[in-house]
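Q: Sequential numbering of the sequence shown, starting at 0, is according to numbering that gives the first Met the number 0.
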Amino acid sequence: MTLRVVLFDAGDTLFRVRGSVGEVYATVAARHGVTVAAPHIEQRFRTAFRRMPPLAFPDARTTELPQREYMWWRDVVGTVFSDVRFEDFDAFFADLFSYFAEAGSWELFADAEPALAALRARGLQLAIVSNFDGRLTRICEGLGIVGYFDAIVMSGRAGAAKPDPRIFTVALTRLGVGADEALHVGDSDTEDIRGARAAGLRAIQINRAALRDSSDCVSDLRDLLGRLTR
0 MTLRVVLFDA GDTLFRVRGS VGEVYATVAA RHGVTVAAPH IEQRFRTAFR RMPPLAFPDA
60 RTTELPQREY MWWRDVVGTV FSDVRFEDFD AFFADLFSYF AEAGSWELFA DAEPALAALR
120 ARGLQLAIVS NFDGRLTRIC EGLGIVGYFD AIVMSGRAGA AKPDPRIFTV ALTRLGVGAD
180 EALHVGDSDT EDIRGARAAG LRAIQINRAA LRDSSDCVSD LRDLLGRLTR
């Protein structure tokens, strides 16, 4: 079947946090009178994030989703700072949540926009499938890449999170294509590669630290076009 669609993960595939999560958390905490060590907070974040249930709310009404997403992240941050006393934790968290909604808090990888432009020029549809919340569209707008995408599917709004195949099905349905007409690209072996393949899609991992490309891995998103023409 002819390839018609390329799906992308978002965070750590197209863009990344400017600095590190630990550094951002520590900087915002300092504005609220709390001093913490960024490396320590980074480790606590990774542990807390891994232990959270999926960022997806299949039983929620559409009007409830923004608040459900907000509280999901509040639980993450509350766990990270469980041994720290804030004068007003809710004010701190609101500040932090707003910070990550701004495009300036993120940076595009150098290979991202050239790859998107080349794939678009090839006549392919593009979409994002990401375990993200409703801030993602605003971030993509601010980074100048939203116009490349025919759909942006966020787990917080789709009712399923990668590696659940259902989130890929949501994207395919919106685009009007079958799984055999789509390729997914992402950095996570579990969420992106295994999840996409479980949904019947081809999958390629982006690993910018890889010493060489392989049949299912590239170190630069610009290499995708050459891979598709083989």
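Positions of the beta carbon are idealized from the N, C-alpha and C atoms, including for glycine.
Nothing here was measured: the structure is a model prediction, and the numbers come from that model.
Quick check: the Cα distance between Asp149 and Ser129, rounded to an integer number of angstroms?
A: In a straight line, the C-alpha of Asp149 is about 14 Å away from that of Ser129.
Q: Verify whether the separation of the beta carbon atoms of Val145 and Arg3 is less than 8 Å.
A: No.
Q: I'd like to confirm the pairing. Which residues does DSSP put opposite Arg201 in its beta bridges?
A: Arg201 pairs with Leu182.
Q: Roughly how many whole angstroms lie between the Cα atoms of Asp58 and Ile166?
A: Answer to the nearest angstrom: the Cα atoms are 15 Å apart.
Q: For Phe96, does the three-state DSSP call read helix, strand or coil?
A: Of the three classes helix, strand and coil, the one that applies to Phe96 here is helix, per DSSP.
Q: On a Cα-Cα basis, can you pick out the residue from Gly185, Ala197, Pro162 and Asp191 that is closest to Asp179?
A: Checking every option, the nearest Cα to that of Asp179 belongs to Ala197.
Q: Could you tell me the alpha carbon to alpha carbon distance between Glu22 and Val16, rounded to whole angstroms?
A: Computed Cα separation, rounded: 10 Å.
Q: Spatial neighbours of Ala202 within its chain, please: CB distance less than 6 Å, with the 5 preceding and 5 following residues excluded, ordered by chain position.
A: Counting only Cβ-Cβ distances below 6 Å, and skipping sequence neighbours, we find His183, Ile192, Ala195 and Arg196.
Q: Round the Cβ separation of Ile40 and Val5 to the nearest angstrom and send it over; I've been treating them as touching at under 8 Å.
A: Not really, about 35 Å apart at Cβ, beyond 8 Å.
Q: Report the residue from Arg43, Arg134, Ala209 and Thr168 whose alpha carbon sits nearest the alpha carbon of Leu314.
A: This structure leaves residue 314 out entirely; the chain is present only between 0 and 229.
Q: Identify, in the order they occur along the chain, each residue of the same chain with its Cβ nearer than 8 Å to the Cβ of Phe131, setting aside the five sequence neighbours on each side.
A: The residues are Ala9, Gly10, Leu54, Met153, Ser154 and Gly155.
Q: If you run the structure through DSSP and keep just helix, strand and coil, what is Arg15?
A: Reduced to three states, the DSSP call for Arg15 is strand.
Q: Grab me the residues of Asp215's own chain with a C-beta within less than 8 Å of its C-beta, minus the 5 sequence neighbours each way, in chain order.
A: Here the set comprises Ile192, Ala202, Ile203 and Gln204.
Q: In or out: Gly185 buried (at least 16 other Cβ within 10 Å) or exposed?
A: The residue is buried, with at least 16 neighbouring Cβ atoms inside 10 Å.
Q: Between Tyr69, Ser218, Ile151 and Ser104, which has its C-alpha nearest Ser19's C-alpha?
A: Of Tyr69, Ser218, Ile151 and Ser104, the residue nearest in Cα terms is Ser104.
Q: Please list the segments of the alpha helix (DSSP H) lying wholly inside the segment 53 to 102, counting only runs of 4 or more residues, in order along the chain.
A: The segment 53 to 102 contains these whole alpha helix (DSSP H) runs: 64 to 79 and 88 to 98.
Q: Can you grab the Cα-Cα spacing for the pair Leu174 / Phe96, in whole Å?
A: When rounded, the distance between both Cα atoms is 30 Å.
Q: Look at the alpha carbon of Glu140 and the alpha carbon of Pro113, and state the distance between them as a whole number of angstroms.
A: So the two alpha carbons sit approximately 16 Å from each other.
Q: Where does the unbroken beta strand (DSSP E) through Val128 begin, and where does it stop?
A: Where Val128 is concerned, the enclosing beta strand (DSSP E) stretches over Gln124 to Ser129.
Q: Hey, would you say Leu13 sits closer than 8 Å to Ala111, going by beta carbons?
A: Contact: yes.
Q: Short of 6 Å in beta carbon distance, which residues of its chain neighbour Arg73, apart from the five on each side in sequence? Order them along the chain.
A: Phe92.
Q: Could you check how far apart the C-beta atoms of Tyr147 and Leu115 are, in whole angstroms? I think they sit under 8 Å.
A: Rounded, the Cβ-Cβ distance is 4 Å, consistent with contact.
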